[in-house]
Each structure stands twice: as C-alpha cells, then as structure tokens.
Amino acid sequence: MTSITGNASFGMLKPLNVLYRTHEMVASGLSQGQQVFATPETQMGFHPDAGASFYLSRLPGYLGEYLALTGEKLNGVEMIACGLATHYSLTARLPLIEERLGKLITDDPSVIESSLEQYGDLVYPDKRSVLHKCAVMNKRPRIETIDKCFCHDTVEEIINALWLSAARFLGGQDCPNMVHDPDQGPPSRRGKRPMPIKLPGSMDKILQYSTFSENEASSSYDEWSATALKKLKEASPLSLKVTLRSIREGRFQPLDQCLAREYRISLVGITKRVSDDFCEGVRARLVDKDFAPKWDPPSLGEVTKDMVDCYFTRLDEFEPELELPTALREPYM
1 MTSITGNASF GMLKPLNVLY RTHEMVASGL SQGQQVFATP ETQMGFHPDA
51 GASFYLSRLP GYLGEYLALT GEKLNGVEMI ACGLATHYSL TARLPLIEER
101 LGKLITDDPS VIESSLEQYG DLVYPDKRSV LHKCAVMNKR PRIETIDKCF
151 CHDTVEEIIN ALWLSAARFL GGQDCPNMVH DPDQGPPSRR GKRPMPIKLP
201 GSMDKILQYS TFSENEASSS YDEWSATALK KLKEASPLSL KVTLRSIREG
251 RFQPLDQCLA REYRISLVGI TKRVSDDFCE GVRARLVDKD FAPKWDPPSL
301 GEVTKDMVDC YFTRLDEFEP ELELPTALRE PYM
C-alpha cells in the first residue's frame, strides 16, 4: 500500500533497485514538488507492507519510524535527500532516459549509474522540509527532533517525547497537565535518549490537546509536533504498535524475511483474527469517507502484548508461510 503519486520525475526507488536490480523503472511526475511518497497504512488500520519494513528501517536515524507511524508524505526532493530514491530528473528528460537505458547491453551497475547521472539534477530540501539540516528560527533541525522523539521503544514513549518537544518550543514551559517523572532521573544519567515524561490520564485524554487549528498550533505549540501528534491520534492504536515492532525487526532482517513477516501481519489483519481495524479503516476512509473509524481496541492502553504478538506468530500448517525463490536469484541486500 506504499503510495507514490503525482506527476514529477524523481529517479529510481531504492526498494525497486533491490527487487529488480535494474534502473529501468523510473517514477514520473512534476519537478515542482507535487510528487508524493507516503505509507499511510496506520491511518487505515493496517501496516506498511510490500517490503516497507525493510527500506524504512534503513533510512537515516529514526526517519522510517516517523514516516511509518504518522503516514507523513515526502516529495521527490526529500526522497533523494533521505536515500529512498537515487536520481532526480525533469519530466522532459524521461524519453531521453528511457532511450538511453533501452540501448544498454549490459547490466553493470556502474554503467547504468553513469547513464542516469547524465540526466540527473542536484536538488536539496527547502527550509520547510523535515529533512532540512539547518536550524530555522532558533529551532533545531526537524530531523534531529524526529530522532529524539521516535527513537523510543514504545508508541507511548514516542508520544510523550513529542509533547516534551512541544514544551521546549515554548522555551521550557510545560504542556497542559504534563508532569516530569522524578523516578526516571536526570537526562544526563539516562544515556542518549531524552528523559521520558509521565502524562496523567489515558492516552486518548492526552491526545485531545493535539487537535489544534493551524493558527493555534503556530501560536502555542510547534506546528510540526502538533501535526505529528494529531496523525498518531487518528491512527489505529493496534496498528501503531504492530507497525513500530515491524520496523524495528526489519532493521536486523534481510528483505526476504521482512516480506515473510509482513505477509504474516497482513494475513492476521485481513482475517480479523485480533481486530477488524483494517475493514473499519477501509470503510471510514475509502467507502463511507466519514473519516471517523471506530478502532478496536480504541486506545493504546487497551492494546495488550498478546494482541501484538499474534501478528508476529508463525502461521500454522493450514496457512503456509510465504516462501520466496531466493535461492534462484542473485544476492541482494
């Protein structure tokens, strides 16, 4: 369900490089930034599939977790910046690229790379991008904030860290009803990760504060943090936890194992073995379009470890595991 839409030309996606070991597939669209890459599955009660846990987990820092959990979009330039795509070219050059690749009589990666570079452009994210590496208006680069917030082990801790980020944007003021947990110790004694914070009440109650209008977000909290919190609130709580675990496991597995695990997760989700969130998400976003899904369970606190474990349990003899002909293919990442 990974989405790539628009009308721009931004070179070859790395995942496709891995799967096809060729540069013959070139995504097309406008160079003005209208092209879009996104993994919005958690908003539909599903999980990023089709190898997403493999390539998202290999993006810089914790960008993959951010994209997977929030469903945030990247344009073509941002895809180049983070390594999701290899080349960026204007739409007008597509016929030339196709002609050049079609005439090649070798599959030597260096020759293909050289051919693509002849038609590529150097592009850089603008200052509004989450991938812009320079501080803007005395705020740290967003990519640093992403790493600090999305490095945590649980979705609850990630949400807490986003609230802490919003509080720091206010110059050290606390968010409403936010209380630092004294049992966690000072940040300097807790390694590289930011100090967790304790938020009273249910997570749903906490996330009510993230429903800002754009003006309110700009005037009170960092707009980016508020948007990220809002997206997490809209997503299926169960899907968030399953997705985070899938991305983390993907960091240590080759592509074929990632695909097999994602197949397992998809089968459990589609067959409603634990929850009917996938059907509910499709109903709310694609059928009725009321954008008001009734998730089950409705909150993060009600998602148990056993529920999440069920998605990762090996299938039984009546439901064979996904078997890929990896022995018949060339080695890949």
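Yeah, the sequence shown ends on 333 if you go by the UniProt record's numbering, and it's all consecutive. Just so you know, even glycine gets a beta-carbon here, dropped at the ideal spot from N, CA and C.
> Counting pairs of beta carbons, one from the segment 279–297 and one from the segment 71–88, are three or more of them closer than 8 Å?
Replying inline: no
>> With three or more beta-carbon pairs closer than 8 Å as the criterion, would you say the segment 259–270 touches the segment 303–318?
In response: yes
>> My output table needs one value for Tyr-88: the three-state DSSP class, helix, strand or coil.
In response: strand
> CB-CB under 7 Å to Lys-294, same chain, minus the five flanking residues each way: which ones, in chain order?
Replying inline: Glu-280
> Quick one: Cα of Cys-151 to Cα of Leu-96, how far?
Replying inline: 42 Å
> With distances taken from CA atoms, which of Trp-224, Glu-72, Asp-126, Lys-305 is nearest Ser-165?
Replying inline: Trp-224
> Residues in its own chain within less than 6 Å of Arg-93 by CB, not counting five upstream and five downstream?
Replying inline: Tyr-119
> Going along the chain, which residues of its own chain have a beta-carbon closer than 8 Å to the beta-carbon of Glu-321, five neighbours each way excluded?
Replying inline: Ala-260, Tyr-263, Arg-264, Arg-314, Leu-315
> How many Å lie between Glu-24 and Lys-305 at the Cα?
Replying inline: Residue placement at Glu-24 is flagged as unreliable, the pLDDT there being 30, under the threshold of 50; a coordinate-derived value is accordingly withheld.
> Can you tell which of Tyr-66, Ser-114, Asp-147 has the C-alpha that lies nearest to the C-alpha of residue 344?
Replying inline: No answer is possible for residue 344: the residues shown for the chain start at 1 and end at 333.
> DSSP three-state call for Phe-46: helix, strand or coil?
Replying inline: coil
> Considering only the beta carbon of each residue, do Thr-42 and Leu-240 sit closer than 8 Å?
Replying inline: yes
>> Going by DSSP in three states, Val-123 sits in which element: helix, strand or coil?
In response: coil
> Across which residues does DSSP place Leu-74 in a beta bridge pair?
Replying inline: Phe-37
> What are the start and end residues of the alpha helix (DSSP H) that includes Ala-235?
Replying inline: That residue, Ala-235, is in no alpha helix (DSSP H); it is neither H nor E in DSSP.
> Are the beta-carbon atoms of Cys-258 and Phe-54 separated by less than 8 Å?
Replying inline: yes
>> Does Thr-243 pass the burial test, meaning 16 or more other C-beta atoms within 10 Å, or should it be called exposed?
In response: buried
>> Using C-beta distances below 6 Å, list every residue in its chain close to Ala-81, excluding the 5 sequence neighbours before and after it, in chain order.
In response: Pro-125, Leu-131
>> Measuring only the C-alpha atoms, how far is Phe-291 from Glu-99?
In response: 44 Å
> What runs of the beta strand (DSSP E), each 3 residues or longer, lie entirely inside the UniProt domain "Enoyl-CoA hydratase/isomerase" (215–312)?
Replying inline: none
> Quick one, are the C-beta atoms of Leu-286 and Gly-51 less than 8 Å apart?
Replying inline: no
> Exposed or buried, what is Pro-60 when buried is set at 16 or more other beta-carbons lying within 10 Å of its beta-carbon?
Replying inline: exposed
> To the nearest angstrom, how far is it from the Cα of Glu-117 to the Cα of Thr-106?
Replying inline: 16 Å
>> Check for me: the alpha helix (DSSP H) holding Cys-149 runs from which residue to which?
In response: 142–150
>> Using only the alpha-carbon positions, how far apart do Ile-146 and Lys-103 sit?
In response: 43 Å
> What is the C-beta distance between Pro-297 and Leu-232, in whole angstroms, given that I count them as a contact (C-beta under 8 Å)?
Replying inline: The pair is not a contact, with the Cβ atoms about 15 Å apart (cut-off 8 Å).
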